[in-house]
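As structure tokens, the structure follows; a few thoughts come after it.
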Amino acid sequence: MTYGSAGGRAGDRGTYDLVVVGGGPAGVAGALTAALAGLRVALLDSSARLGGQYFRHTVVPGRAPGLDRFLRQARALSDRAEVLSRHQVWSVAREPDGDLLVHAGSPDGRSVAVRGRRLLIATGAYDRPLPFPGWDLPGVLTAGGAQALLKGNGVVAGRRIVVSGTGPFLLPVATGLAAAGAKVLGVFEAGGALGLARHPLLALGKAAEAAGYALSLARHRVPYLTRHAVVAAHGEREVEAVTVARLDPRWNVLDTRIVECDTVATGYGFVPQIDLGVQLGCGTRRDVDGSPVLEADSAQRTTVPGVWAAGEPTGVGGWRLAELEGRIAGRSIVAHTRRRPPGAAGVELMAGEVAGALSRRRDRWRAFGAALQQAYPVRAGWQGWLRDDTLVCRCEEVPLARVREAQELGATDARSIKLLARPGMGWCQGRICGYAVACLAGEPQQPPRRPIAQPITLGALSEAAGPGDDLATSRAGDPGEPATSRADKPDDPLAH
Amino acid sequence: MTVRPFSITVDGRSVPVVPGQTIGAALHAAGIRSWRATRFGGRPRGLFCGIGVCFDCLISVNGRAPERACLAEAAPGDEVTTS
């Protein structure tokens, strides 16, 4: 019998001790930590394979730092927990008895609900694009999109590629594309005037990583130019060329030239995915770059009891930080289950207690993530790249002129601009244009208010409202492994 | 799991797939980079975010619409129609 499923109330059999949303490094580490301690765990992820955006891999995995280790964790998790891949979570609701009901769309289009006593939000982040004239032409991809094509599908996004935006993520994208055979015509980094020889990675003690990128770009003859950006894309049906601008420190255009290319990979940092936490009323804070993120304490607890968060939703910092936060959350969750009722073996762990070494490493990586964010701010000059007819919102096809009209009609904040001009009202619900609209409104981006985190059919919604479709009730299998202590054995997939 | 390359049909045309690829990736690899027109401007759209966030790459798969081509893993026999 599994720790945490005690109580013996009718219907309890279908309740997991922990439901994890997100199968990247944070979610898998958190779920595995809890499962190894004997908790009944379900993990839901939208992809076909675990990994999230960083450990995205094909059927034949490639090589990435930490990938082998992640795959060991993922295998160990699959043996010990219910892993529901290709499940799109669209909402989480608190039941009257305190349990959390996670609603998801299954691969066959049906709605399923997974019930858990606790929730770990590990939903990652996505690229933050900035609009520019022509950015909706096919061939313009986010940097993460180009990376996903390459790492997840083995497809090189184009033949002649320009990489543009800001942040260290542009470097692995450019070197990956070049190594895969694309002609990368340049990395145009809008920030910093220091160049790769004095890249912030160096200043942060990551000389080997910075040197690796520098070497790889040099080997493939890829120019790396700071204070440069793609400010327009040109073409009829697809990208045929871009305008590359030299920028001043505020990102105003100094001069321009045309570069012929067939593909653009662009990204200006990341937007943490926090919809589920906001739905549950979790407190938010502003990250270093102004992004709303979930407030989490030293044990990765959000402000809502029974809800933890790990990885990018608590602040962008990369896969190492994400995994550490996942492990800390997992331990805290295990401690939480043992506190109520008190630990039978007399070992009383407080949910807030965190192993010192883990939390020190977490804090170091968090400081590293914050320093990188500080090194790559988005400057206001990008707004000058837009023309009246530049689409700000791709879904509803709202050009800058309509946003300006709304402002002239008295819309003083992003929400009223949205109500008047409709940016953010389409399919993506403002995920792509939200940052830009907030900047145009002159305010920081607000936490998303999306009662449904993923579009679903009305049929699925009505199914979800009915009783008898509780996945945990219909599919929960055996109670899993008995509680074991997870000593740091050599074969421990979580050990370094 | 299928390990041999297979094909799907896209508007009647055969498009090769490496197992594990999404429909969007297979289309992109075949040089098809736009497969949808926007409602108002009739602008061509294909992959943009590539990870299920932007909804630019919507497509019909076996009569089910709309699916995100960047998330839908291609399966043997899939019949894809674009708008």
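Protein chains in written order, with the working numbering: chain A, 1 to 496; chain B, 1001 to 1083.
In this text, a Cβ means the ideal position worked out from N, Cα and C, and glycines have one as well.
Quick caveat, the model's predicted, so the values are computed rather than measured.
- DSSP, read as helix, strand or coil, puts V288 (chain A) in coil.
- Scanning the region 230-295 of chain A from its first residue to its last, the whole beta strand (DSSP E) runs of 3-plus residues come out as 241-247, 253-260, 263-268, 270-272, 284-286, 292-294.
- The beta-bridge partner set that DSSP reports for K183 (chain A) consists of A:R160.
- N153 (chain A) counts as buried, since at least 16 other C-beta atoms from the protein chains shown sit within 10 angstroms of its C-beta.
- Ranked by Cα distance from A464 (chain A), the options A:P65, A:L43, A:S111, A:V92 are led by A:S111.
- Flagged as an interface residue toward chain B: Y126 (chain A), by a C-beta distance shorter than 8 Å.
- The shortest CA-to-CA distance from A26 (chain A) to any of A:D255, A:L44, A:A190 is the one to A:L44.
- For A74 (chain A), same chain residues with a beta-carbon under 7 Å away, outside a window of 5 residues either side, are V28, L50 in chain order.
- Annotation: Cβ neighbours of C395 (chain A) in chain B (cutoff 7 Å, chain order): F1055.
- DSSP places I417 (chain A) in the uninterrupted alpha helix (DSSP H) bounded by 414-421.
- Cβ neighbours of W382 (chain A) within its own chain (closer than 6 Å, five residues either side excluded): L130, W251.
- Legend: CB atoms of the region 1030-1044 of chain B lying less than 8 Å from CB atoms of chain A belong to residues R1033, S1034, T1038, R1039, F1040, G1041, R1043, P1044.
- Here the alpha carbons of R404 (chain A) and W385 (chain A) stand approximately 15 Å from one another.
- Against chain A, the CB of V1015 (chain B) has no partner CB under 8 Å away; the residue lies outside that interface.
- Using a CB distance cut-off of 8 Å, R237 (chain A) counts as an interface residue toward chain B.
- As the crow flies, the alpha-carbon of D97 (chain A) is around 44 Å from that of P1019 (chain B).
- The Cβ atoms of D262 (chain A) and R431 (chain A) do not sit closer than 8 Å to each other.
- Counted as a single uninterrupted DSSP element, the alpha helix (DSSP H) harbouring C439 (chain A) occupies residues 434-441.
- Straight across, the Cα-Cα distance linking G1041 (chain B) with E397 (chain A) is about 8 Å.
- In the DSSP assignment, no residue is bridged to F55 (chain A).
- Using a 10 angstroms sphere on the CB of E189 (chain A), the tally of other CB atoms reaches 16 or more, which defines it as buried.
- The alpha-carbon separation between T243 (chain A) and V21 (chain A) amounts to approximately 41 Å.
- Counting along the chain, I1059 (chain B) sits inside the beta strand (DSSP E) bounded by residues 1058-1061.
- T142 (chain A) reaches chain B at F1048, C1049, G1050, counting residues in chain order whose Cβ is nearer than 7 Å.
- In the pairwise beta carbon analysis, the region 297-316 of chain A is classified as touching the region 362-377 of chain A: at least three pairs are separated by under 8 Å.
- Flagged as an interface residue toward chain B: I432 (chain A), by a C-beta distance shorter than 8 Å.
- One alpha carbon belongs to S78 (chain A), the other to A42 (chain A), and they sit about 10 Å apart.
- Closest in C-alpha terms to T175 (chain A), from the list A:G191, A:G205, A:L204, A:E209, comes A:E209.
- Contact check for I452 (chain A) against R118 (chain A) fails: the beta carbons are separated by 8 Å or more.
- Counting only residues of its own chain and dropping the five nearest sequence neighbours on each side, Q445 (chain A) has a CB closer than 7 Å to the CB of G290, S291, P292, G434, Y435, A438.
- Note that the C-beta distance between Y16 (chain A) and R115 (chain A) is below 8 Å.
- Residue contact with chain A for E1073 (chain B): present (Cβ-Cβ distance below 8 Å to some residue of chain A).
- DSSP places A143 (chain A) in the helix class (H, G or I) of the three-state scheme.
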